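Listed in order, the protein sequences are those of chains A and B. With the numbering used here, the residue at position 195 of the first sequence is 206, and numbering never jumps. With the numbering used here, the residue at position 251 of the second sequence is 262, and numbering never jumps. Where a beta carbon is used, it is the ideal one built from N, C-alpha and C, also for glycine. On a predicted model such as this, the values are computed, not experimentally measured, just so you know. Take a look at the structure set out below.
2 protein chains.
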Amino acid sequence: MRNTGIGEAEVTIREVGPRDGLQGERPLPTGERASLVLGLARAGCRRIEAASFVSEKAVPAMAGGGDVIRAAKAGFAAGEAPRARLTGLVPNLRGATAAIEAGCDELSVTVAASATYNEKNVRRTIEESVSEIAAICRQAADAALPVDAVVSCAFGSPYEGEEIAPVFVAELAARLVGHGCQAITLADTTGLANPPVLEQVVTALNSALPGADLGLHLHETRGTALLNAYVALELGVRRFDTALGGLGGSPFAQGAGGNLSTEDFVSFLESIGMTSGIDLAGILELAARLRLLVGHDIASKVRANP
Amino acid sequence: MRNTGIGEAEVTIREVGPRDGLQGERPLPTGERASLVLGLARAGCRRIEAASFVSEKAVPAMAGGGDVIRAAKAGFAAGEAPRARLTGLVPNLRGATAAIEAGCDELSVTVAASATYNEKNVRRTIEESVSEIAAICRQAADAALPVDAVVSCAFGSPYEGEEIAPVFVAELAARLVGHGCQAITLADTTGLANPPVLEQVVTALNSALPGADLGLHLHETRGTALLNAYVALELGVRRFDTALGGLGGSPFAQGAGGNLSTEDFVSFLESIGMTSGIDLAGILELAARLRLLVGHDIASKVRANP
Numbered sequence: 012m013r014n015t016g017i018g019e020a021e022v023t024i025r026e027v028g029p030r031d032g033l034q035g036e037r038p039l040p041t042g043e044r045a046s047l048v049l050g051l052a053r054a055g056c057r058r059i060e061a062a063s064f065v066s067e068k069a070v071p072a073m074a075g076g077g078d079v080i081r082a083a084k085a086g087f088a089a090g091e092a093p094r095a096r097l098t099g100l101v102p103n104l105r106g107a108t109a110a111i112e113a114g115c116d117e118l119s120v121t122v123a124a125s126a127t128y129n130e131k132n133v134r135r136t137i138e139e140s141v142s143e144i145a146a147i148c149r150q151a152a153d154a155a156l157p158v159d160a161v162v163s164c165a166f167g168s169p170y171e172g173e174e175i176a177p178v179f180v181a182e183l184a185a186r187l188v189g190h191g192c193q194a195i196t197l198a199d200t201t202g203l204a205n206p207p208v209l210e211q212v213v214t215a216l217n218s219a220l221p222g223a224d225l226g227l228h229l230h231e232t233r234g235t236a237l238l239n240a241y242v243a244l245e246l247g248v249r250r251f252d253t254a255l256g257g258l259g260g261s262p263f264a265q266g267a268g269g270n271l272s273t274e275d276f277v278s279f280l281e282s283i284g285m286t287s288g289i290d291l292a293g294i295l296e297l298a299a300r301l302r303l304l305v306g307h308d309i310a311s312k313v314r315a316n317p
Numbered sequence: 012m013r014n015t016g017i018g019e020a021e022v023t024i025r026e027v028g029p030r031d032g033l034q035g036e037r038p039l040p041t042g043e044r045a046s047l048v049l050g051l052a053r054a055g056c057r058r059i060e061a062a063s064f065v066s067e068k069a070v071p072a073m074a075g076g077g078d079v080i081r082a083a084k085a086g087f088a089a090g091e092a093p094r095a096r097l098t099g100l101v102p103n104l105r106g107a108t109a110a111i112e113a114g115c116d117e118l119s120v121t122v123a124a125s126a127t128y129n130e131k132n133v134r135r136t137i138e139e140s141v142s143e144i145a146a147i148c149r150q151a152a153d154a155a156l157p158v159d160a161v162v163s164c165a166f167g168s169p170y171e172g173e174e175i176a177p178v179f180v181a182e183l184a185a186r187l188v189g190h191g192c193q194a195i196t197l198a199d200t201t202g203l204a205n206p207p208v209l210e211q212v213v214t215a216l217n218s219a220l221p222g223a224d225l226g227l228h229l230h231e232t233r234g235t236a237l238l239n240a241y242v243a244l245e246l247g248v249r250r251f252d253t254a255l256g257g258l259g260g261s262p263f264a265q266g267a268g269g270n271l272s273t274e275d276f277v278s279f280l281e282s283i284g285m286t287s288g289i290d291l292a293g294i295l296e297l298a299a300r301l302r303l304l305v306g307h308d309i310a311s312k313v314r315a316n317p
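Structure follows, in structure tokens:
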């Protein structure tokens, strides 16, 4: 099953630092967040999850998402950075309306493959989430925007006794594509993926949706994000969500995760002769600035001027 | 070349926390270091690098290595923990004498595959280091102690322009075995290993020394330690050095490394159905205590009670 092609082709990275990375930090001004988006674009990131259109009460650090998108796009227009495709995470139709109005280039929606997690996280059944996503897809289609569906808990449930069958993940993904999602991103929400589980889920997905635009969103809960990314590369996956500094959750708090670090992943890809279009020196410089921005050390390992 | 056997057999871990982990920390009393050795043994570590017999002036944190070994062995004799095999790192004949007198069960010696690194690190040519190791092996043989040779920089040189040929690493290892070393441990001193390089070096070593007792000592400089350990497992390697908390060097300082974390590796092995004999809950509890012992957070990801 392996060796679909390490060493060939380019890897697509969607930088989720401004959204997944910053959402658990102390709230930063929208101007700082837009500057980060522009910095990422200057370092070669061509796809950036720049904002989340969730309730400001629920996630204060994501308040003003529309302003972030508008400021970043103004920066692109002024030639401050090469134009990147900006994604907005939307939890519902209202968020989708706001994201479309703000000028997002892609919408990102989520549903968990774990019924318990979905209910605890968004107080909906999986069916209710799928219906909402279908409605968002119709709205996005009217605006000619693509929708990426992130299936969380795709590699295991954090709830004891709940099994996540790979075929269930694949069927859920197929239904989302049927409703109009252009891409599927499988998220390892609590870091339960490992090589055999990854192979089962990716294989199930490839047979349910041959040729699908498949990405992975890997968390560091158990220190396995880069290892799982490598196994996924071996399985032929070519799209990954990563976050500057490995930010996301709180890497040093109990039970927390952190995302696959952009700089560690870019460094690894370079070491095995694969390319991402992201400049390692540029992204390392930005990571050094990120530490000052968030006010604490970060979990990524590769550093500028080692 | 892959799939020599993930999922079969047991993996041997040599816990190097009390030596490689603590050597860069503020000096701890020998009693605390012996307690750590006993705690590791209680958590199921059966091989522990417990002390270094280097100059106390050069590495103050390793002062009193003989006392650590003697106190740990007294603890074993008193039934405080199951008996573990204790390794002492020795840089020269004088260190070997001290390690043997202290009651070490194994000696560990090092030579770099990088001529520049060897000269900067121990002010010797590779040939001078090999001669010293040969003399140490003769002394160890008189005491009926096995010697493990750690070949540092085995996967690349940190010095620009210096190439480390896999066949050179294999020939160096073969000479060390010829001088009486019972085991070879390849060290990724500055985190330069990656899957293709690992495969080349392990393959070269296996053909120079078929059936050799081969281990890996992996550093986290680029966040790749666990990934490289997985690739090595696929290549059939079954022995690894790991350190509690991923200690070693200073994970949060510029250019620093950190070792493959014992608890993250044990957790990963469990997730893919391999065993190490180390109790995950026990080692996580010890890691939580390690943070208090060293007075700062640690880089490992898997935590107790997440």
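- Sequence-distant Cβ neighbours of B/Asp224 in its own chain, meaning closer than 6 Å and more than five residues away, are Ala194.
- Contact annotation: in the segment 275 to 302 of chain B, residues whose CB is within less than 9 Å of a CB in chain A are Asp275, Phe276, Ser278, Phe279, Ser282, Ile283, Gly284.
- In chain order, Ala20, Val22, Thr23 place their CB closer than 7 Å to the CB of B/Arg249, counting only its own chain and leaving out the 5 sequence neighbours on each side.
- Under DSSP, no beta-bridge partner is assigned to A/Gly106.
- Between B/Leu216 and B/Val180, the beta carbon gap of about 7 Å places them in contact (Cβ cut-off 8 Å).
- Ranked by Cα distance from A/Ser66, the first of A/Gly77, A/Gly257, A/Ala85 is A/Gly77.
- The alpha helix (DSSP H) runs of length 4 or more contained entirely in the segment 114 to 149 of chain A are, from start to end of the chain, 126 to 133.
- In this structure B/Val101 is in contact with B/Leu118, their Cβ atoms being roughly 5 Å apart against a cut-off of 8 Å.
- DSSP links A/Ala62 through a beta bridge to A/Gly99.
- With its beta carbon less than 8 Å from one in chain B, A/Arg233 belongs to the interface.
- In the displayed model, B/Val248 falls within coil according to three-state DSSP, outside both helix and strand.
- Beta-bridge partners assigned by DSSP to A/Leu229: A/Asp199.
- From the beta-carbon of B/Tyr128, no residue of chain A is found nearer than 7 Å; the closest lies around 15 Å away.
- For the set A/Ile147, A/Thr196, A/Val133, A/Tyr128, the Cα lying nearest the Cα of A/Tyr170 is the one of A/Tyr128.
- At a cut-off of 8 Å between beta-carbon atoms, B/Leu238 makes contact with chain A.
- Non-local beta-carbon contacts of A/Val313 in its own chain, meaning distances under 6 Å to residues more than five positions away in sequence, involve Glu274, Asp275, Ser278 in chain order.
- Look at A/Asp31 here: in three-state DSSP terms it is helix.
- Each residue's CA atom was taken as its position, placing A/Thr98 and B/Gly99 some 54 Å apart.
- Closest in alpha carbon position to B/Phe166, among B/Ala151, B/Val212, B/Asp159, B/Ala184, is B/Val212.
- Put simply, of A/Leu156, A/Ala62, A/Gly306 the residue whose alpha carbon is nearest the alpha carbon of A/Arg44 is A/Ala62.
- Taking A/Asp199 as reference, the option from A/Gly234, A/Cys148, A/Arg135 with the minimal CA-CA separation is A/Gly234.
- Chain A has no Cβ within less than 8 Å of the Cβ of B/Ser218.
- Closest option to B/Gly86, judged by alpha-carbon separation, among B/Ser46, B/Cys115, B/Arg302: B/Ser46.
- Going by C-alpha positions, B/Ala243 is about 8 Å away from B/Glu210.
- For A/Ser311, the C-beta contacts it makes with chain B under 8 Å involve Gly234, in order along the chain.
- Our two residues, B/Gly226 and B/Asp159, have alpha carbons roughly 9 Å apart in a direct line.
- A residue is called buried once 16 or more other Cβ atoms fall within 10 Å of its Cβ, and B/Gly32 is buried on that count.
- By alpha-carbon distance to A/Leu51, the top candidate from A/Val305, A/Ile294, A/Leu303 is A/Ile294.
- Between A/Asn270 and A/Asp252 a beta carbon distance of about 7 Å is seen, short of the 8 Å cut, so the two are scored as contacting.
- For A/Ser278, the three-state secondary structure derived from DSSP is helix.
- Nearest C-alpha to B/Val79 among B/Ser168, B/Ser218, B/Thr41, B/Thr108: B/Thr41.
- At a Cβ-Cβ threshold of 8 Å, A/Ala72 and A/Glu130 do not count as neighbours.
- Residue state for B/Asn205 is assigned as coil, using DSSP reduced to three classes.
- DSSP, read as helix, strand or coil, puts B/Glu171 in coil.
- Here B/Ala310 carries a coil assignment [DSSP, helix/strand/coil].
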